[in-house]
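Beneath this line is the structure, given in structure tokens, with notes to follow.
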Amino acid sequence: MQVRPSRAISVIAGCAALAGIAATTPAIAANDQDGDRVAVLGSTPAWATPAAKVGGTDDGAQRHIQVALALRDQPGAERLAKAISTPGSASYRKTLSADEFADRFAATDRTVEEVRGWLERQGVRITGVSTNRHFVEATADTATLEKAFGTKLATFQHRGKHGKLQKLVAPESAITLPSSVRAAVTAVLGLDDSEKTITPQRVDRRAPAAQAAGGAGCAAYWGQTVNTGVPQKYSDQSNALCGYNSAQTRGLYGLTPAQTGAGTNIGIVAAYNAESTFADANRAAAKFGAPPLAAGQYTVKLPDGGFNPDPACEPDGWAGEQALDVQAAHTVAPAARITYYAGADCRGLYTALNKAVADNAVGIITNSWGYNGDETAVPPSSRQAMDTIGVQAAIQGQTILFSSGDAGDLSGVAGKPSATFPASHPWVTAAGGTSAAVDGANKRMWETGWTSTGLVQSGNGYVPTQDKDGPFAGGAGGGVSRVYERPEYQAGKVSGARRAVPDIAALADAYTGFGVGSTVPGQGYFEYASGGTSLASPLLAGMIATAAQAAGTDRIGFVNPAIYDLAGTSAIADVKHRTGGVWTDQLLAYGGVSVPPGRGSYLVDLDTKPQSLQSGPGWDPLTGVGTPAAGFAAALAK
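Following this line, the structure appears as structure tokens:
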């Protein structure tokens, strides 16, 4: 089954265009109607150009916005976050509570009320304020928002989700704010439709029956079933996997029965909510050998105001993402509690993520979504909002994981190699991906970087697929950021002066994928092999939960500095290039990647560099520093 959504320290300023915010937010003048207005540079997406404009907007259309407020001392917060997260620091893992963070760094209640008052005087209706005083949520019609923010909204054509053309709304020019308000506000989200380009980073494969005639069935483990009726290009060739079960997945990473994530709480952020998730997880657990979720072990946090079933956000596509995230995290950390934070739609993901941080009830937060395109196409204001969220999480000892994407170096989607956002943000842990082989005894045989070359059978051999992506048939996102400088924790491990993605990796290739069960809206319950870096992120969340368990705590914080310190040790397996092939009767269309449709006879070459990415010794752009080894939890716990 293939769901259409595909499924990416030195402290730096998150956005040069929005830098220079005062360390202490000044009071806002009540008489702001005719004051000088200041442009918020970087508040328009890169795709909103005059050449791409195709029309205006409906003045009466309602839009929901989030006004992001500045911290009182952003530089001080960043220094503290770095100290708390750096092994060897006197402040290492000496975290603050959510209340302590708010008292020390958040916008004051007075600032919140003054911004709220200014918005209300413009005719904007306030719908809520986040508990960490980061977001003021509001709603108004287009005409009111245009007047309030001194711009005009228009409709633009953009090649976004799955590489398809979308019609998206954005400001024609930078928004403006009264000078008295500007210093208190870092960003205004929701005036443009950039978040409609967000996709879950996963893909599902309906496996043929294992007992299919002629050796065409799926393999229970690597090499267990080999279709001998097709050309054997490699001595190490297997049919696509049926989907690794719990014992196989845990065996891949050397987890012991005692490593359960007990005492921890894993947060999952995604859009919408499938009510069948709990029942599906326990039905799948019975099939794949995981313990069932206990009553109260899985909790859902719904968005205020309910859901917005926007077709552009593809609501049905998120149900499989939710199932994968819950079941993958639970397989690795079966005793951990899981809290699912639901966004109202794909534009509500920042609100859901901020809630997970502001609530501070979860120690690890996994995000299997990202913008489907070049990180520079994301408005700087959207990137700026992540700065505050990431820094607060680090200070509170929370880990934020983001999948690195499934379209490789993005050259097919964006037209040039690029890293994905939010995975490229220096305050998150970017999850890359591997193809992996487990033997009949549930032991790791090998892992290699996940980047697939698609071949179609032609006579007694195979030829590369020919479409707009050439032979590339999906792979982990990775590369070098054009937005962020190299953080200090990557020094000595990554060459160059820019942030490199990913940081660490786990299983992601759906051809060697993870067994999942979920209810497809309107179709029923199905079990299948799933993959994408959407799988890698919750698997890593579970492994970090086992490290927190080993440390006797519910969290271990922003882990990137510690992970790079562990690179080259026995705690992390360095992933290296390996040749081999997977035979399959269908190729999977990962996000924005074109492959031949329909059933046939195909071979997927492993890690043969169909784009610019390939695994290799040390850090590489598919797997980062590598994958967790058997000693990972104990080493990270120190």
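Numbered per mature numbering (1 follows the signal peptide of the UniProt record, and there is no 0), the sequence shown spans residues -29 to -1, 1 to 609.
Glycine included, each C-beta is placed from N, C-alpha and C at the ideal position.
Remember, it's a predicted structure, so these values are computed and weren't measured experimentally.
With a 10 Å radius around its C-beta and 16 neighbouring C-beta atoms as the bar for buried, classify residue i as buried or exposed.
i      : result
Gln494 : exposed
Pro599 : buried
Ser14  : buried
Leu273 : exposed
Pro179 : Low confidence applies here, because Pro179 scores a pLDDT of 47, under 50, leaving its location unreliable and the question unanswered by this model.
Val25  : exposed
Tyr224 : buried
Ser583 : exposed
Gly569 : exposed
Ser466 : exposed
Gln437 : exposed
Glu84  : exposed
Lys439 : exposed
Asp3   : Here Asp3 scores only 48 on pLDDT, less than 50, and its place in the model should not be relied on; the value that follows carries that caveat. It counts as buried.
Arg81  : exposed
Ala266 : exposed
Thr227 : exposed
Gln520 : buried
Please classify residue i: does DSSP put it in a helix, a strand, or coil?
i      : result
Phe497 : strand
Ser352 : helix
His35  : strand
Asp525 : coil
Gly595 : strand
Gly361 : helix
Thr490 : strand
Gly589 : coil
Pro142 : strand
Val201 : coil
Leu12  : coil
Arg81  : helix
Pro567 : coil
Asp74  : helix
Gly222 : helix
Lys609 : coil
Gly404 : strand
Gln428 : strand
Trp417 : strand
Gln293 : helix
Ser151 : helix
Lys272 : strand
Lys24  : strand
If you measure between the beta carbons of residue i and residue j, is that distance less than 9 angstroms?
i           : j      : result
Gly445      : Asp377 : yes
residue 612 : Thr594 : This structure leaves residue 612 out entirely; the chain is present only between -29 and 609.
Ala229      : Phe278 : no
Arg221      : Val297 : no
Leu124      : Gly27  : yes
Ser353      : Ala78  : no
Gln208      : Leu607 : no
Tyr243      : Gln219 : no
Thr490      : Ala313 : no
Asn216      : Phe249 : no
Ala408      : Ala518 : no
Ala468      : Thr504 : no
Glu498      : Gly31  : no
Phe72       : Asn103 : yes
Gly425      : Pro202 : no
Using 8 angstroms for Cβ pairs, my map puts residue i next to residue j. What's the rounded Cβ distance?
i           : j      : result
Val86       : Ala155 : 6 angstroms
Ser339      : Ala241 : 7 angstroms
Ser56       : Phe529 : 4 angstroms
Val38       : Ala109 : 7 angstroms
Ile36       : Leu162 : 6 angstroms
Gly597      : Ile543 : 4 angstroms
Ser395      : Arg470 : 6 angstroms
Gly449      : Pro588 : Not quite, the Cβ-Cβ distance comes to about 16 angstroms (not below 8 angstroms), so this is no contact.
Val333      : Thr310 : 5 angstroms
residue 662 : Pro305 : The chain is shown only over -29 to 609; residue 662 falls outside these bounds and no answer can be derived.
Ile237      : Thr337 : 7 angstroms
query: Three or more beta-carbon pairs under 8 angstroms between the region 568 to 579 and the region 537 to 552, yes or no?
result: Yes, they touch.
- request: Specify whether the region 43 to 51 and the region 355 to 363 touch according to this definition: at least 3 beta carbon pairs, one from each stretch, less than 8 angstroms apart.
  value: Between the region 43 to 51 and the region 355 to 363 there are three or more C-beta pairs closer than 8 angstroms, enough to call the two in contact.
message: Under 8 angstroms: do the region 390 to 409 and the region 431 to 439 share three or more Cβ pairs, one atom per stretch?
response: Flag = no, the region 390 to 409 and the region 431 to 439 do not touch.
query: Does the region 143 to 152 come close enough to the region 53 to 65 that 3 or more CB-CB pairs lie under 8 angstroms?
result: Short answer: they don't touch.
Cβ pair count under 8 angstroms reaching 3, the region 281 to 296 against the region 472 to 482: Too few Cβ pairs lie closer than 8 angstroms, so no.
message: Does the region 503 to 510 come into contact with the region 536 to 545, if we say contact requires no fewer than three beta-carbon pairs (one atom in each stretch) closer than 8 angstroms?
response: With contact defined as three or more Cβ pairs closer than 8 angstroms, the region 503 to 510 and the region 536 to 545 are not in contact.
field: Sufficient close CB pairs (3 or more, under 8 angstroms) joining the region 404 to 413 to the region 453 to 470
entry: Contact between the region 404 to 413 and the region 453 to 470 is absent, because fewer than three Cβ pairs lie under 8 angstroms.
field: Meets three-Cβ-pair contact criterion under 8 angstroms: the region 319 to 329 and the region 363 to 372
entry: Judged by Cβ distances under 8 angstroms, the region 319 to 329 makes contact with the region 363 to 372, as three or more pairs qualify.
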